[in-house]
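Asker:
Number of protein chains: 2
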Amino acid sequence: MSQIIRIAIDAMGGDYAPVEVVKGAVDAVKEHDNIKVILVGDSDGIKDELSRHEYKKEQIEVVHTTEVISCNEGPVEAIRRKKDSSLVVALKMVKDGKADAAISAGSTGAVLVGGQVITGKIRGIKRAPLATVIPTMKGVSLLIDCGANVDARSEHLVQFAQMGSIYMERVVGVKNPKVSLVNIGEEEAKGNALVKEVFPMLKELDTINFAGNIEPREIFDGETDVVLCEAFVGNVILKLAEGLSSTLIHAIKDGIMSSTRGKIGGLLIKPALKDVLKMFDASEYGGAPLLGLNGLVVKMHGNSKAKEVRVAIGQCIAFMEQGINDKIREQLGKK
Amino acid sequence: MSQIIRIAIDAMGGDYAPVEVVKGAVDAVKEHDNIKVILVGDSDGIKDELSRHEYKKEQIEVVHTTEVISCNEGPVEAIRRKKDSSLVVALKMVKDGKADAAISAGSTGAVLVGGQVITGKIRGIKRAPLATVIPTMKGVSLLIDCGANVDARSEHLVQFAQMGSIYMERVVGVKNPKVSLVNIGEEEAKGNALVKEVFPMLKELDTINFAGNIEPREIFDGETDVVLCEAFVGNVILKLAEGLSSTLIHAIKDGIMSSTRGKIGGLLIKPALKDVLKMFDASEYGGAPLLGLNGLVVKMHGNSKAKEVRVAIGQCIAFMEQGINDKIREQLGKK
Chain S
1 MSQIIRIAID AMGGDYAPVE VVKGAVDAVK EHDNIKVILV GDSDGIKDEL SRHEYKKEQI
61 EVVHTTEVIS CNEGPVEAIR RKKDSSLVVA LKMVKDGKAD AAISAGSTGA VLVGGQVITG
121 KIRGIKRAPL ATVIPTMKGV SLLIDCGANV DARSEHLVQF AQMGSIYMER VVGVKNPKVS
181 LVNIGEEEAK GNALVKEVFP MLKELDTINF AGNIEPREIF DGETDVVLCE AFVGNVILKL
241 AEGLSSTLIH AIKDGIMSST RGKIGGLLIK PALKDVLKMF DASEYGGAPL LGLNGLVVKM
301 HGNSKAKEVR VAIGQCIAFM EQGINDKIRE QLGKK
Chain B
1001 MSQIIRIAID AMGGDYAPVE VVKGAVDAVK EHDNIKVILV GDSDGIKDEL SRHEYKKEQI
1061 EVVHTTEVIS CNEGPVEAIR RKKDSSLVVA LKMVKDGKAD AAISAGSTGA VLVGGQVITG
1121 KIRGIKRAPL ATVIPTMKGV SLLIDCGANV DARSEHLVQF AQMGSIYMER VVGVKNPKVS
1181 LVNIGEEEAK GNALVKEVFP MLKELDTINF AGNIEPREIF DGETDVVLCE AFVGNVILKL
1241 AEGLSSTLIH AIKDGIMSST RGKIGGLLIK PALKDVLKMF DASEYGGAPL LGLNGLVVKM
1301 HGNSKAKEVR VAIGQCIAFM EQGINDKIRE QLGKK
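First to last, the protein sequences are chains S and B. First residue of the first sequence? That's 1 in this note's numbering, and the numbers climb one at a time after it. First residue of the second sequence? That's 1001 in this note's numbering, and the numbers climb one at a time after it.
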């Protein structure tokens, strides 16, 4: 692909902005010749950071904005009011065709609202779900919707299943990915009204490889590729997994450090423990794409550092090169 | 309390029935003078097992039944058809006042349906929630509803909050327990339609100590006492926590065992690791009570052994001695 992929980044979003965002952008342009990164935010601060790095000047552009949306603001109101915020300007660049993708580590609510309202959905897509790659015992799976559309209906979930399947196949590279529906029992008759309604609809789709229900206990075994659920449940899964793994690791560390014997043993198992932690480290997998938009919007974790920014940029490149939106339009779009 | 507490146990339910069920019952009557255990199931098998133990004969009675409900049967149909099953007979003993409580490690669906249909709810209680004690970094919390009533409405959750609070205060012994609503954000305005509707209702209740929303990430920190949610979400939390902790522990063990250095270290940290595992070991906390019934029904994990049975019996004793149902009737019941 000879075309240049243009990625707008909210340089003011996240705990380590703009320092780590700028560093990640520089690392990415060193890795990829075919991209241009547009850093959106306070230009003085951004340029100051950029001056510390060596890179091809034509690959990074700075767009100055004067406002920042914080995580404490109501997202709908903030998006409406702060027209010159780094996030709104970055999203608008995608809408206006000045960028192919936008990335932000800022307020999740504002990214979700802004993605749907400013960037806009593909014609025919009813809701834009947030998807995230989660680590499992066998590799990775895609959790979709992990937080964008609470109170979604069955027709929305059917679209999420198809978009998740396309993403997993083309961006992550899993052939004919298995799609499973999160339920509190394996049998078709189990569950609440929503999953009972959506199950037969998924069974009838010939565009996905539907593998039936998956119980939450099995999600991290990695037997399926796309873990489908509505956003409230998806967000519970994502946040509980984050919280519980950190709780368990802390408890184990505390236990080890409470005796001399444990301390010596702890030193010996450190490399092994590190490998496990790395396996469950979200930074390896970039950000969470909001699917079904005219363009691409990627939400990164608030505590993202340069590495995550670099990986998220790589994710945007794969998304564009693989023509995900063309495929979504072909399968789900309306003329 | 001088009155004898009578506990009917489904001696055929669970992976280790009747051997472990009988052993647990024997251990419990040795511990408690004021109880009588009624073992319900195949009398030959039960008596055979009983003959291996020493105990006061008047404390254990056997009631013969000819049928068993398996986990693969549709619960509604099974409860209706298998009138002489160990579970149905045990539940009916509670209904008929021949027992104060029933315990089963059999089919969860059948216990939930049977509890509501056979044993019956307290007048004024709209739904009977399943509650379970979960281990946290600071002790234990009560997760309610963890699986009984999918598609519950706000008025149901309000009752669950009150019953959970009563249980936590009187059975677990937490003074003025904090009740938190599971939500995907901390602010009142966050979440789906159900939690947005129930939040102000909980805030107005003067019978509970409502502490606002809790995000799934924080559940295992143990900052709250009653973790309130509807059954689909509750079951996801319970099952995901079980699955993920076992996945993590396995990954750590595999990592340790993959090198000699790790193996030696592993031996040294074994006691510490064991303590952590014990902390998260559900067997310490008995079974899951179905609250709001005329009597008490406790669902044990399918893989329960003698220890869990003994603990669940202790739980029934506390429930009776603390007059939980009188308190529920007083606060929520209708004349």
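Think of the CB as a built atom: it goes at the ideal place given N, C-alpha and C, for glycine as much as any other residue. Owing to the predicted nature of the structure, the values given are computational and were not obtained by experimental measurement.
Taking the alpha carbon of Val63 of chain S as the point to measure from, which residue in S:Met12, S:Ile208, S:Met137 has its own alpha carbon closest?
Answerer: Taking the first residue of the first sequence as position 1, residue 63 of chain S is located at position 63. Measuring from the Cα of Val63 of chain S, the nearest candidate turns out to be S:Met12.
Asker: Considering only the beta carbon of each residue, do Gly109 of chain S and Val297 of chain S sit closer than 7 Å?
Answerer: By 1-based counting over the first sequence, the position of residue 109 of chain S is 109. By 1-based counting over the first sequence, the position of residue 297 of chain S is 297. It is not a contact, given that the beta carbons lie outside the stated cut-off.
Asker: Rounded to a whole number of angstroms, what is the C-alpha to C-alpha distance between Lys305 of chain S and Val21 of chain S?
Answerer: Mapped onto the first sequence, residue 305 of chain S falls at position 305. Mapped onto the first sequence, residue 21 of chain S falls at position 21. Whole-angstrom Cα-Cα distance: 7 Å.
Asker: Spatial neighbours of Gln3 of chain S within its chain, please: C-beta separation below 6 Å, excluding the five flanking residues on both sides.
Answerer: Position 3 of the first sequence holds residue 3 of chain S. Excluding positions up to five away in sequence, the list is empty.
Asker: Work out the CA separation of Arg261 of chain S and Asn303 of chain S for me, nearest whole Å.
Answerer: As a working mapping, residue 303 of chain S is identified with position 303 in the first sequence. As a working mapping, residue 261 of chain S is identified with position 261 in the first sequence. Distance between the alpha carbons of Asn303 of chain S and Arg261 of chain S: 35 Å.
Asker: Would you kindly work out how many angstroms separate the C-alpha atoms of Leu1248 of chain B and Ile1237 of chain B, rounded to a whole number?
Answerer: What you label residue 1248 of chain B is simply residue 248 of the second sequence in a count that begins at 1. What you label residue 1237 of chain B is simply residue 237 of the second sequence in a count that begins at 1. One C-alpha to the other measures close to 16 Å.
Asker: Just checking my contact of Ala25 of chain S with Asp145 of chain S at CB under 8 Å: how many whole Å lie between their CB atoms?
Answerer: Locating residue 25 of chain S in the first sequence gives position 25, counting from the first residue. Locating residue 145 of chain S in the first sequence gives position 145, counting from the first residue. Rounded, the Cβ-Cβ distance is 28 Å, inconsistent with contact.
Asker: Going by beta-carbon coordinates alone, are Thr1065 of chain B and Ser1086 of chain B separated by less than 7 Å?
Answerer: Against the second sequence, residue 1065 of chain B aligns to sequence position 65. Against the second sequence, residue 1086 of chain B aligns to sequence position 86. Yes; because the gap between Cβ atoms is below 7 Å, this pair is in contact.
Asker: Does the beta carbon of Asp1015 of chain B sit closer than 7 Å to a beta carbon anywhere in chain S?
Answerer: For the purposes of this step, residue 1015 of chain B is taken as residue 15 along the second sequence, with counting starting at 1. No, Asp1015 of chain B does not count as interfacial toward chain S.
Asker: Around the Cβ of Asn325 of chain S, are there at least 16 other Cβ atoms within 10 angstroms (buried) or fewer (exposed)?
Answerer: Taking the first sequence and counting its residues from 1, one reaches residue 325 of chain S at position 325. Looking at its Cβ environment, which holds 16 or more other Cβ atoms inside 10 Å, Asn325 of chain S is buried.
Asker: For chain B, is any of its Cβ atoms less than 7 Å away from the one on Ile237 of chain S?
Answerer: Working through the first sequence from its first residue, we reach residue 237 of chain S at position 237. Ile237 of chain S counts as touching chain B.
Asker: Return no unless some Cβ of chain B is closer than 7 Å to the Cβ of Thr66 of chain S.
Answerer: Position 66 of the first sequence holds residue 66 of chain S. Not one chain B Cβ lies under 7 Å of Thr66 of chain S.
Asker: Do Arg329 of chain S and Lys1239 of chain B have their beta-carbon atoms positioned less than 7 Å apart in this structure?
Answerer: Within the second sequence, residue 1239 of chain B is the residue found at index 239, counting from 1. Within the first sequence, residue 329 of chain S is the residue found at index 329, counting from 1. In this structure, Arg329 of chain S does not lie closer than 7 Å to Lys1239 of chain B by Cβ.
Asker: Mind listing which residues of the stretch 1211-1225 of chain B have their C-beta closer than 8 Å to chain S's C-betas, in chain order?
Answerer: Residues passing the 8 Å Cβ filter: Glu1215, Pro1216, Arg1217, Glu1218, Ile1219, Phe1220, Asp1221.
Asker: Shortest alpha-carbon distance to Gly185 of chain S belongs to which of S:Thr207, S:Ile219, S:Arg153?
Answerer: As a first step, residue 185 of chain S is located in the first sequence; it is residue number 185 there, counting from the start. Among S:Thr207, S:Ile219, S:Arg153, the Cα nearest to that of Gly185 of chain S belongs to S:Ile219.
Asker: Give, in chain order, every residue of the stretch 1118-1141 of chain B whose Cβ lies closer than 9 Å to some Cβ of chain S.
Answerer: Answer set for the stretch 1118-1141 of chain B: Thr1136, Met1137.
Asker: Please report how far the alpha carbon of Lys126 of chain S lies from the alpha carbon of His156 of chain S, in whole angstroms.
Answerer: Stepping through the first sequence from its first residue, residue 126 of chain S is reached at position 126. Stepping through the first sequence from its first residue, residue 156 of chain S is reached at position 156. About 6 Å.
Asker: Looking at the C-beta of Arg1310 of chain B, does it have a partner C-beta in chain S at a distance below 7 Å?
Answerer: Here residue 1310 of chain B refers to the residue found at position 310 of the second sequence. With 7 Å as the cut-off, Arg1310 of chain B does not count as an interface residue toward chain S.
Asker: Could you tell me which uninterrupted beta strand (DSSP E) segments, each at least 3 residues in length, are contained entirely in the stretch 1224-1269 of chain B, listed from first to last along the chain?
Answerer: Fully enclosed beta strand (DSSP E) runs of 3 or longer: 1226-1228.
Asker: Suppose you measure from the CA of Phe1319 of chain B to the CA of Val182 of chain S; what does that come to, to the nearest Å?
Answerer: Numbered from its first residue, the second sequence carries residue 1319 of chain B at position 319. Numbered from its first residue, the first sequence carries residue 182 of chain S at position 182. If I take the Cα positions, the gap works out to 34 Å.
Asker: Just how far apart, CA to CA, sit Asp225 of chain S and Glu1054 of chain B?
Answerer: Reading the first sequence from its first residue, position 225 is the one you call residue 225 of chain S. Reading the second sequence from its first residue, position 54 is the one you call residue 1054 of chain B. Near 54 Å, if we compare the C-alpha coordinates of Glu1054 of chain B and Asp225 of chain S.
Asker: Given that a residue counts as buried once 16 or more other Cβ atoms are within 10 Å of its Cβ, and exposed if not, what is Val1089 of chain B?
Answerer: Against the second sequence, residue 1089 of chain B aligns to sequence position 89. Answer is buried; the Cβ neighbour count reaches 16.
Asker: Use the C-beta contact count for His1301 of chain B: other C-beta atoms within 10 angstroms, 16 or more gives buried, fewer gives exposed.
Answerer: For the purposes of this step, residue 1301 of chain B is taken as residue 301 along the second sequence, with counting starting at 1. Burial call: buried.
Asker: Which residues in the same chain as Arg1153 of chain B place their Cβ atom closer than 6 Å to its Cβ, once the five residues preceding and following it in sequence are excluded?
Answerer: To locate residue 1153 of chain B, count along the second sequence from 1; it is residue 153. Closer than 6 Å at the Cβ level, and outside the excluded window around Arg1153 of chain B, lies no residue.
Asker: Within the 7 Å Cβ cut-off, does Ala288 of chain S reach chain B?
Answerer: Indexing the first sequence from 1 puts residue 288 of chain S at position 288. No, no contact with chain B.
Asker: Which whole runs of the beta strand (DSSP E) in the stretch 1110-1156 of chain B are 3 residues long or more, in chain order?
Answerer: As far as the stretch 1110-1156 of chain B is concerned, its whole beta strand (DSSP E) runs of at least 3 residues are 1131-1136, 1139-1144.
Asker: If we define contact as Cβ-Cβ less than 7 Å, is Ala7 of chain S a contact residue for chain B?
Answerer: In the first sequence, counting from the first residue as 1, residue 7 of chain S sits at position 7. In the sequence under discussion, the amino acid at residue 7 of chain S is Ile, which differs from the Ala named in the question. Not closer than 7 Å to any Cβ of chain B, the Cβ of Ile7 of chain S fails to qualify, so no.
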